[in-house]
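Here is the structure we will look at.
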DNA sequence: TTTATTTTTCAGTAAATTTTGAAAACTCGA
DNA sequence: TCGAGTTTTCAAAATTTACTGAAAAATAAA
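Protein chains in written order, with the numbering used here: chain V, 735 to 900; chain F, 735 to 900.
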């Protein structure tokens, strides 16, 4: 297979995958393009390579920087900003978990807390309380496990990971 | 807080959470409604409770059944189908992982495989091959770990989980 | 300063996804 | 077999989400 065709396929797939992980398609495609590039690219390069507008390019690069998946690289003597991707997959996963934990799990835990004290002792209320308690317990555990994962270094993770897969 | 208000908040939040996990909002709301119900509900109950159309209700119930998150329950002497939710959170998570693995991870692995043999020995091609190899390794490990997780029983999972969170 | 270049913003448009509603297809008791 | 009740389908409409393009703001060399 030609490099060009391979790159296109990868960018396309990474875009699709990303769109299921809270990263929109263009954002993931920009990340893919930077991942497989052996040098930093500027906004213009990205725009032309992916056939998207400057506005779209800019907004998604900034989102990627927010997520910690892309870094700005200033080249001496160059006016434009250049960008490189986080290439360590474990780090990529950790960044995504951090964002999603903050945007999804934590708000859910707050809601669960707020609704845990409904009034009543009838069967319907009891069932409700039971479900909320179960979910809260499960979510809290998940929250702690993810905290540890995020803080862990690669070795700890790989170790635990390897044990999990036996 | 009143039970009714608590239920509404929960359904709303579960809907939002679900929409980030490949489950659309309505689908997640139906699951939420069934989760906190102490008895099986029929399509009409769900439709009225969530203020959605019969078509929408039907399509999403069927999607939930496909995902293994809801089960049909036939009541003797009743003409209508009744539905109950999977209430074991670990099982819920496992079902979601199963679906997402099939729909996301496995296609990605196939693409990675297909593009792993690009031609060329220049720096750009080498970088591309390196990134693809890294991602393939990581994805394969994730795939195995998830397989084990899906097959595992609650005890195994909780055990490993507890070790992870120390 | 001034001016050329680059980045950011955002209202309007376009694309993708979800929902409706009505008709068709089932199902089962009589 | 009929027909009332129930479920399914799917084209069109509504809603949500993403993208563009052009103007404004920021940046830095002259």
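Glycine residues also receive a C-beta, built at the ideal position from the N, C-alpha and C atoms.
If you look at residue 876(V), you'll find it in the alpha helix (DSSP H) that goes 857-885. Below the 7 Å Cβ cutoff, chain F contributes 842, 845 as neighbours of residue 747(V), in chain order.
Fewer than three Cβ pairs drawn from the region 738-750 of chain V and the region 788-799 of chain V lie within less than 8 Å of each other, which leaves the two stretches out of contact. The beta carbons of residue 828(F) and residue 883(F) sit closer together than 9 Å. Shown here for residue 843(V): same chain residues with a beta carbon closer than 6 Å to its own, the five before and five after excluded, namely 873 in chain order. Around the beta-carbon of residue 778(V), fewer than 16 other beta-carbon atoms lie within 10 Å, marking it exposed.
Within the DSSP secondary-structure output, residue 815(F) pairs in a beta bridge with 808(F). Interface residue (Cβ-Cβ distance to chain V less than 9 Å): residue 762(F) is not classified as such. Annotation: residue 855(V) has no Cβ neighbours in chain F at a cutoff of 8 Å; minimum Cβ distance is about 11 Å. Close CB contacts of residue 796(V) within its chain, under the 7 Å cut and outside five residues either way in sequence, are absent. Setting aside the 5 residues that flank it on each side, residue 840(F) is surrounded in the same chain by 877, each with a C-beta closer than 8 Å to its C-beta; the list follows chain order. For residue 879(V), there are no CB contacts under 6 Å within the same chain when 5 residues up- and downstream are skipped. One thing to note: residue 807(V) has its Cβ no nearer than 9 Å to the Cβ of residue 853(F). Distances from the alpha-carbon of residue 823(F) to those of 815(F), 838(F), 836(F), 804(F) put 804(F) closest.
The beta-carbon separation of residue 802(V) and residue 820(V), rounded to 7 Å, stays under the 8 Å limit for a contact. Spatial neighbours of residue 768(V) in its own chain (CB-CB distance under 7 Å, excluding positions within 5 residues in sequence) are listed in chain order as 775, 804, 817, 818, 819.
A residue is called buried when at least 16 other Cβ atoms come within 10 angstroms of its Cβ; residue 869(F) meets this threshold and is buried. In terms of Cβ geometry, residue 785(F) and residue 761(F) do not form a close pair [threshold 9 Å]. The straight-line gap separating the alpha-carbon atoms of residue 835(F) and residue 850(F) is approximately 21 Å.
Residue environment for residue 857(V): exposed (fewer than 16 other C-beta atoms within 10 angstroms of its C-beta). For residue 832(F), no Cβ of chain V is located within less than 9 Å of the residue's own Cβ. DSSP, read as helix, strand or coil, puts residue 775(F) in strand.
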